[in-house]
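Input: a single structure, listed below in structure tokens.
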């Protein structure tokens, strides 16, 4: 999935696309979790295919949910609401960063999955940030954020 680009990387080798997509997700995730201990590891589904890891606590907590199963998994998140993760799908929610590879997030359906990241550029919590950088890796190029639908070709900073 992470070698998809849906147009923005025309002419690039699939390895370059993979590096860009994974960097956009894993770089900020590492920054958000590097100085926090793993506080909880949960298995929300009976087959234990869905894993939820929480790093840190209270306002600094970072939650990462991954679907390691073979079927879609429906979960509930703070920022994305009802989320549907495909096999190998992931959703990240941190105070100043969020990301997802999902079939549904923020009330919007992405039938073949979509990859987006959202990052606060003014060091404020993501929900109240006045500058949010959105990266679109693949899938339909729209995201619903704060009650508005935004077209994002590759990356863009959106106002509140």
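Numbering (my numbering), first residue to last: -5 to 154. C-beta atoms are modelled at their ideal positions from N, C-alpha and C, and glycine is treated no differently.
Sequence-distant residues of its chain with Cβ nearer than 7 Å to residue 71 (five each side left out): 77, 85, 87
Euclidean distance between Cα positions of residue 113 and residue 23: 10 Å
Residue range of the beta strand (DSSP E) that includes residue 6: Note, residue 6: premise wrong, no beta strand (DSSP E); not H, not E.
Under the three-state DSSP convention, the category residue 13 falls into: Under the three-state reduction of DSSP output, residue 13 falls in the helix class.
Would residue 110 and residue 94 be called neighbours here (beta carbons separated by less than 9 Å)? yes
Runs of 4 residues minimum, wholly inside the stretch 8 to 91: which ones carry the alpha helix (DSSP H) assignment? 8 to 27
Is the beta carbon of residue 82 closer than 9 Å to that of residue 3? no
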